[in-house]
Structure formats: C-alpha cells, structure tokens
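*Asks:* Quick note on numbering: the sequence shown equals residues 6 to 138 in this note's numbering.
Structure below; questions to follow.
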Amino acid sequence: MRRKLLWLALAFLLVLPACGRKLPPEPPGPQAPVTLGSIRALKDGRTAVRVRVAAPGEVLLLGKARGLCPNCTDDLKTKDSVTAETAGTLTLYDKAPEDPSMVYRAAVRVNGAVYMTEAQIFTQQATLEDFEE
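Here's what the structure looks like:
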C-alpha cells in the first residue's frame, strides 16, 4: 500500500511540471478596419487627418473640443466624410476646429456596422506669428 502511494506521488510530481508549458504563440489577429495616421494643422486654419482604411465603406472623421472627458463619445460631431472604394490611405479635413486642443476619432461604416478608432488628442502649437501685431 505504501509503495503504491509512493509511486502515485512520484508519477504526480513528474506529470505536474508538464502542465505549465507555454503554448505556441497565436497568429496575429485581423487588421483593424480603420486607423488614424498623422494629424497636422494647415496654415489656412484647417486640420488634416490621415486615415488608413482596410475595408471599403463610408469613412467619417469625428471630432470635438478636448473638454473634461476626451474618451467620451457623446459630443463627437462629424467633421468630414468620404466614401472609400478600396483599401488605402485617405486625408480628411476639419475645416473649422472649435478649439486649439481637439479630440479626433475615425470611423468606417461597412455593411451597417460601424468601427471606430481610439481617441487621439491634437493640440495646435502657437507660433511667433500668432503673437505679433
């Protein structure tokens, strides 16, 4: 009886380390349907936003003043929209930013579903020309 218990304990100790083996890495997941690229202020007061689209559909540029909650989606307004026929990079414009510090998101509408990016904050930098009279 003691011998069987000893063999059982030994077998358990040999099997136990194999349970914690690492699994092979998983393949990368599907590409996001829309991602924000660079955001730049133009001299005429507009803001240009580069958007990468992986699926054809209606691409929207959403924006709002930074405010207290940059991640909230309640106050987002459509600033620009374009219909993308193929995957690629598009430039969307905010023609009249409400504030020097804005929050932008891009969204794509594909087959009735809407995919939205994370919020990205953009602050226009003041130049010396802004302070000269």
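By construction, the Cβ of each residue, glycine as well, lies at the ideal position given by its N, Cα and C atoms.
My output table needs one value for R7: the three-state DSSP class, helix, strand or coil.
*Replies:* helix
*Asks:* Mind reading off the beta-carbon distance from R57 to T40? Whole number of angstroms is fine, and I expect it under 8 Å.
*Replies:* 5 Å
*Asks:* My output table needs one value for L18: the three-state DSSP class, helix, strand or coil.
*Replies:* helix
*Asks:* Quick check on R8: buried or exposed, where buried means 16 or more other Cβ atoms within 10 Å of its Cβ?
*Replies:* With fewer than 16 Cβ atoms within 10 Å of its Cβ, R8 is classed as exposed.
*Asks:* Closest to P105 by CA distance: which of L13, L97, K69 is it?
*Replies:* Here the closest residue by C-alpha is K69.
*Asks:* Please work out which residues of its chain come closer than 8 Å, Cβ to Cβ, to Q125, disregarding the five sequence neighbours upstream and downstream, and give them in chain order.
*Replies:* L41, I44, V108, Y109, R110
*Asks:* Which residue comes first and which comes last in the beta strand (DSSP E) that contains Q125?
*Replies:* 125-128
*Asks:* Whole angstroms is fine: what's the gap from V119's alpha carbon to D49's?
*Replies:* Going from the Cα of V119 to the Cα of D49 covers about 31 Å.
*Asks:* Could you compute how far the alpha carbon of P35 sits from the alpha carbon of R71?
*Replies:* 31 Å
*Asks:* In this structure, how does DSSP classify M121 when only helix, strand and coil are distinguished?
*Replies:* Here M121 sits in strand by DSSP.
*Asks:* If I measure Cβ to Cβ from D99 and keep anything under 6 Å in the same chain, skipping five residues before and after, which residues do I get?
*Replies:* T52, G68, K84
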